[in-house]
Amino acid sequence: MIEIHGYAIVSDDDRIADAEGRMPEALRSEADWAYFQAELDRSAATVLGRLGHEAHPNPRGRLRIVVSSSVPGLERRADGWWWNPEAKPWEDAVRTILPAGGRIAVPGGRRVFDLFLAIGYTAFHLTRAEGVRIPGGVALFSACDRGASAEAVLGGAGLVPGERQILDPRGPVTLNIWSRA
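Have a look at this one:
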């Protein structure tokens with residue numbers, strides 16, 4: 025069985041990056057980073073976009089699935105599996121990559137978050153840096169650019185919120201895990 029878990033830290037205006045696509049210092053949290061790394065350690069594979077893959081080294085050698093339109097379908101490379109969702113359905117790709125199933129971590133970016141909204145998250149770990157706003161930044165989901173909140177998007181995808189947890193009282197930085205009802 026495959027479980028798909030999304031992970032994002034967002035500002036109060038549901039942004040994951042500044043206008044240039046960089047994560048601002050205001051969204052960085054040691055507590056969130058520790059939580060996120062532990063979650064990645066629990067995952068069989070991590071799905072991320074090409075830019076995120078290129079920007080973030082993989083020193084622990086975790087299995088990566090890189091979403092990219094530059095491959096004809098699914099291609100094994102030295103740095104992971106490269107997958108073109110326009111050319112190969114997710115079900116076929118994941119069956120090849122993880123025939124025994126497992127947990128998939130999806131840390132973005134926005135196009136990848138949107139893609140997995142359609143595929144279906146098992147859970148989405150939404151961390152919020154409260155009190156932070158990033159005007160003109162990159163939204164978590166495309167729908168957030170059209171006025172929808174991250175919570176409304178997740179609810180519309182059939183996920184329900186769990187209990188709000190405080191990861192760091194400074195800020196504060198909070199976590200809410202949205203999951204299937």
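The sequence shown begins at 25 in the numbering used here and counts up one residue at a time.
We put the beta carbon where it would ideally sit given N, CA and C, even for glycine.
Using the beta-carbon count (16 or more within 10 Å), is residue 94 buried or exposed?
The residue is exposed, with fewer than 16 neighbouring Cβ atoms inside 10 Å.
By alpha-carbon positions, which one of 202, 36 and 163 ends up nearest to residue 43?
Looking at the Cα atoms, 163 is the closest of the given residues.
Measuring only the C-alpha atoms, how far is residue 70 from residue 148?
If I take the Cα positions, the gap works out to 14 Å.
Close-in-space but distant-in-sequence residues of the same chain around residue 73 (CB under 8 Å, 5 per side omitted):
Setting aside the 5 residues that flank it on each side, residue 73 is surrounded in the same chain by 90, 91, 92, 132, 133, 135 and 136, each with a C-beta closer than 8 Å to its C-beta; the list follows chain order.
According to DSSP, simplified to helix, strand and coil, what is residue 50?
Per DSSP, reduced to three states, the secondary structure at residue 50 is helical.
Pull up the CB-CB distance for residue 192 and residue 55, whole angstroms please, since I reckon it's below 8 Å.
Contact between residue 192 and residue 55 holds: their C-beta atoms lie close to 4 Å from each other, under 8 Å.
Which residue spans inside the segment 111–148 form an unbroken beta strand (DSSP E) run of at least 3?
Counting whole runs of 3 or more residues, the segment 111–148 contains the beta strand (DSSP E) stretches 126–130.
Cβ neighbour criterion (16 or more within 10 Å) applied to residue 52
With fewer than 16 other Cβ atoms from the protein chains shown falling within 10 Å of its own Cβ, residue 52 counts as exposed.
Nearest candidate by alpha-carbon position, reference residue 195, set 77, 35, 98 and 25:
Answer by Cα proximity: 35.
Indicate the three-state DSSP secondary structure (helix, strand or coil) for residue 166 in the structure shown.
Per DSSP, reduced to three states, the secondary structure at residue 166 is helical.
Option in 78, 106, 141 and 62 with minimal Cα separation from residue 165
The option with the nearest alpha carbon to residue 165 is 141.
Starting from residue 74, trace the alpha helix (DSSP H) in both directions and tell me its first and last residue.
From DSSP, the alpha helix (DSSP H) with residue 74 extends over 74–79.
Quick check on residue 30: buried or exposed, where buried means 16 or more other Cβ atoms within 10 Å of its Cβ?
By the Cβ-count criterion, residue 30 is buried, with 16 or more other Cβ atoms from all chains shown falling within 10 Å of its own Cβ.
Below 8 Å CB to CB, which residues in the same chain sit around residue 198 once its five sequence neighbours on both sides are set aside?
These residues qualify, in order along the chain: 151, 152, 154, 188, 189, 190 and 191.
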